[in-house]
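Residue numbers (our numbering), protein chains in the order written: chain A, 282 to 503; chain B, 282 to 503.
A virtual CB, placed ideally from N, CA and C, is assigned to each residue, including glycine.
Right, one structure below, let's go through it.
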DNA sequence: GCCCCTGATATGTGATCACATATCTTGTTC
DNA sequence: GAACAAGATATGTGATCACATATCAGGGGC
């Protein structure tokens with residue numbers, strides 16, 4: 282049996298990219314927070330080079346914004362941008378669910394039930410980090426089943442940009458599930474998968490995205 | 282009156298990125314062609330630094346593939362990848378058309394008619410470059426009307442990856458329009474816009490993407 | 001004549017340096 | 001005491017260098 286840990290094989294800038302990306306997704310940076318290459322390099326213990334490449338990639342993915350010519354900040358989500366993101370997500374993700382419903386197998390469904398239980402446990406007892414990770418794990422497991430690398434890439438990019446929004450949403454996940462009665466919406470989704478009703482599954486996911494966003498936008502002023 | 286040309290203000294790596302991106306979209310690189318940073322830097326007359334950043338961005342956008350740890354090539358489109366791209370494009374782009382139909386104005390329609398005439402002229406008399414540019418101009422004009430930056434970004438990324446496919450398709454554009462009788466499909470689209478029939482416009486665009494792809498895939502063996 | 005080994009070349013990556021300029025600090029003047 | 005200007009600092013960008021290693025060529029052994 283091999284007891285060696287898998288050696289860290291990626292290039293440094295790839296690791297820095299993953300590190301920053303995860304930090305952004307988990308909301309470890311405040312939206313609008315100014316980042317500088319040299320500061321991040323110091324914190325990560327590297328030179329500026331890998332950080333430069335990672336940052337530029339995140340800028341091209343719109344997770345970081347170039348302000349002037351010499352100032353970069355974590356992307357801010359205006360109400361307008363959130364509405365746009367949600368509009369696009371409610372087009373694409375339900376369609377991915379529809380595709381997944383056409384290819385899903387019994388073992389996939391069992392796997393989804395496990396992930397959903399983890400998610401519900403995280404929402405009940407976990408911190409925001411747990412909730413976000415469990416939520417991502419569940420939905421990306423669904424999207425993986427759709428077996429479309431392109432779709433997965435697109436959705437991944439949209440979720441990266443949704444980071445701060447999801448962060449806020451799941452910070453009060455129990456409250457909004459309670460108010461909307463959507464606590465068991467993923468169970469409904471799984472049930473639709475089991476019945477083989479792809480259209481229903483699509484509608485459920487669309488409703489989930491839309492209703493959550495409406496609730497969030499209505500409570501934005503608070 | 283200011284007679285000065287607008288000074289080239291962007292950073293060098295941004296310009297290199299645009300240069301390479303355009304070259305890929307226009308098919309100036311062969312799919313699978315090996316590219317090296319140093320060679321491109323020499324050709325472009327810069328050091329390796331700007332090229333590095335541009336290349337890494339194109340890799341993250343899947344226009345360039347990292348083969349081993351030390352070899353990069355222009356992305357190749359397998360039949361499988363094309364099918365996936367088309368599947369995703371037939372989901373997203375008709376939806377963008379649907380959104381555009383709900384916001385389009387008479388002046389937009391006039392503009393589209395101009396662009397469509399240019400496209401048809403390019404297909405009749407232009408070279409592949411002209412056809413590709415005119416086609417892109419027409420459809421992106423439609424997508425701009427949808428007024429969704431996110432959607433535009435997603436579609437842009439899909440078109441970048443479709444580069445070699447579109448290149449082949451438009452190389453025989455007149456032939457496939459003749460065989461399929463789709464020469465006036467954009468006129469139909471504009472007509473649907475004029476009637477305010479968003480659903481029809483969506484169906485037309487969906488059919489356009491699907492039928493073109495089927496024709497192309499059927500002729501792939503030749 | 002074919003295969004494998006070894007040295008040479010090529011290549012991506014990371015670090016450091018140089019530079020222009022945006023941003024902040026501080027001191028001076030009214 | 002406040003406003004503005006000049007110097008200092010910080011920062012992104014581009015070039016160059018160093019290095020590990022992948023890739024290739026040529027020669028030697030069987």
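In its own chain, leaving out the 5 sequence neighbours on each side, no residue places its CB closer than 6 Å to the CB of residue 500(A).
In this structure, DSSP gives residue 346(A) an extended state, which the three-state scheme calls strand. Residue environment for residue 311(A): exposed (fewer than 16 other C-beta atoms within 10 angstroms of its C-beta). Boundaries of the alpha helix (DSSP H) around residue 330(A): 329-341.
Contact annotation, residue 415(A) with residue 393(A): C-beta distance approximately 12 Å; criterion of less than 8 Å not satisfied. By the rule that beta-carbons nearer than 8 Å mark a contact, residue 365(B) touches chain A. One alpha carbon belongs to residue 349(A), the other to residue 465(B), and they sit about 46 Å apart. Rounded to the nearest angstrom, the gap between the Cα atoms of residue 353(A) and residue 337(A) is 10 Å. Sequence-ordered contacts of the region 333-348 of chain A with chain B read 333, 334, 337, 338, 341, 342, 343 [C-beta pairs closer than 8 Å]. Between residue 385(B) and residue 478(B), the alpha-carbon positions lie close to 11 Å from each other. Contacts between residue 432(B) and chain A, judged by CB atoms closer than 7 Å, involve 369 in chain order. Sequence-distant partners of residue 428(A) (beyond 5 residues in either direction) whose C-beta falls short of 7 Å from its own C-beta, in its chain, are 384. In the structure shown, residue 354(B) adopts extended strand secondary structure according to DSSP, grouped into three states.
Non-local beta-carbon contacts of residue 426(B) in its own chain, meaning distances under 7 Å to residues more than five positions away in sequence, involve 381, 384, 385, 389 in chain order.
Counting only runs of 4 or more residues that sit fully inside the region 402-450 of chain A, the alpha helix (DSSP H) segments are 409-426, in chain order. If you draw a straight line from the Cα of residue 463(B) to the Cα of residue 489(B), it is about 8 Å long. With respect to the 8 Å criterion, residue 397(A) and residue 485(A) are not classified as neighbours on the basis of their beta carbons. In the DSSP assignment, residue 455(B) falls within the unbroken alpha helix (DSSP H) covering 454-461. The residues 479, 480, 482, 483, in chain order, have a CB closer than 8 Å to that of residue 379(B) in the same chain once the five nearest residues on each side in sequence are set aside. With its beta carbon at least 8 Å from every one in chain B, residue 374(A) lies outside the interface. With fewer than 16 other Cβ atoms from the protein chains shown falling within 10 Å of its own Cβ, residue 357(A) counts as exposed. Our two residues, residue 433(A) and residue 343(B), have alpha carbons roughly 13 Å apart in a direct line.
Under a criterion of Cβ atoms nearer than 7 Å, no residue of chain B is adjacent to residue 316(A); the nearest Cβ is some 17 Å distant.
In this structure, residue 376(A) lies near residue 372(B), with their beta-carbon atoms less than 8 Å apart. Annotation: the continuous alpha helix (DSSP H) that includes residue 294(A) extends over 293-306. DSSP places residue 310(B) outside any alpha helix (DSSP H), giving it a letter other than H or E. Taken in chain order, the members of the region 433-463 of chain B whose beta-carbon sits within less than 8 Å of a beta-carbon on chain A are 434, 435, 438, 439, 442.
The beta carbon of residue 306(B) sits closer than 6 Å to those of 444, all from its chain and outside the five residues before and after it, given in chain order.
Ranked by how close their Cα comes to the Cα of residue 294(B), the residues 313(B), 339(B), 448(B), 441(B) have 339(B) in first place. Within the region 411-430 of chain B, contact with chain A at the beta-carbon level (separation under 9 Å) is assigned to 428, 429, 430. Around the Cβ of residue 493(B), a 10 Å sphere holds 16 or more other Cβ atoms; the residue is buried.
Proximity to residue 321(B) across 313(B), 298(B), 341(B), 441(B) peaks at 298(B), based on C-alpha coordinates.
Judged by beta-carbon spacing, residue 473(B) lies beyond the 8 Å limit of residue 404(B), meaning their Cβ atoms are not closer than that value. Within a 10 Å sphere around the beta-carbon of residue 420(A) sit 16 or more other beta-carbons, which makes this residue buried.
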